[in-house]
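Please read the structure below before turning to the comments.
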Amino acid sequence: MEKNLTRISLIQKLQEDRNDESWNEFIDLYEGYIFTIAKKMNFCDDDCYDIMQTAFVKIWSKVNSFEHGGNAGQFRRWLAVITRNSGLNHIDKRKREQAKHDKFYDDQANYLNTVTEPEIEKMAEKEWAIYVTNLAWKNVQNDISQSQKEIFEMTLDGKNRPEIAEALEIPLNTVSVYKRRVTAILQKEIKRLEQNFN
């Protein structure tokens, strides 16, 4: 999949011409996000995969009714709501299939039914920020040196500059320069992704 993606045009392509290429591109882009939303709703990995598949079926059937309206976060919140509803459907299915797990799924259903729209929106925005940051970090891997990558990852692990300089046997100033350089590259990529998604 190409690095430069225009998300609104992709949604429009799905609405206007449901070809396999556009749909596969959409799945590649959003499956990680939908899985993360399901995971944050306290489902195990196996359930998350099932919920993700159900969500994509719903998205496929409902995407023509979605109107963007110029709201940057509207589509991802729409995805989060569909994922929540898919989770409820999954619980109903599991309850029918596995009576012995009724209590667990009843508790889970009770929990999901208490999750309000504002809470879903808050969770969606938080997880979206994490998702885009991780995607940006993946995208910039080829744009930075191994040393820059190591310094930035050690920073994320909580190491301070003197510790990093000592571990990598490089000047303290080099740590600062590399960290700023990687941060700038990463922020630029995050901004690019946000513009393309929105």
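Take any residue in the sequence shown, count from 1 to its spot, add 1442: that is its number in this note's numbering. Using N, Cα and C, we set each Cβ at its ideal position, and we do this for glycine too.
Whole-Å CB distance - residue i paired with residue j, under 8 Å assumed
i	j	result
Ala1522	Ile1586	About 32 Å separates the two Cβ atoms, so there is no contact after all.
Ala1578	Glu1631	4 Å
Lys1500	Ile1524	5 Å
Arg1518	Leu1554	So it is not a contact: roughly 18 Å between Cβ atoms.
His1532	Ile1453	Going by Cβ atoms, the distance from His1532 to Ile1453 rounds to 25 Å, so no, they are not a contact pair.
CA-to-CA distance, residue j to residue i, given in whole angstroms
i	j	result
Ala1609	Gln1588	14 Å
Asn1638	Gln1540	43 Å
Pro1560	Ile1612	48 Å
Val1582	Met1596	17 Å
Lys1564	Arg1623	31 Å
Ile1476	Gln1590	31 Å
Asp1489	Asn1506	27 Å
Arg1536	Gly1529	10 Å
Leu1416	Lys1455	With the chain represented from 1443 up to 1640, any question about residue 1416 goes unanswered, as that position is not in the structure.
Leu1628	Ala1551	39 Å
_Is it the case that the stretch 1470 to 1481 contacts the stretch 1491 to 1500, given that we only count it when at least three CB pairs across the two stretches are under 8 Å?_
Counting C-beta pairs with one atom in each stretch, the stretch 1491 to 1500 and the stretch 1470 to 1481 have three or more that are closer than 8 Å, which means they touch.
*Enumerated in chain order, which unbroken segments of the alpha helix (DSSP H) with a length of 4 residues or greater are wholly contained in the stretch 1508 to 1581?*
Restricting attention to alpha helix (DSSP H) runs no shorter than 4 residues, the stretch 1508 to 1581 encloses them at 1516 to 1539, 1544 to 1556, 1559 to 1581, ordered along the chain.
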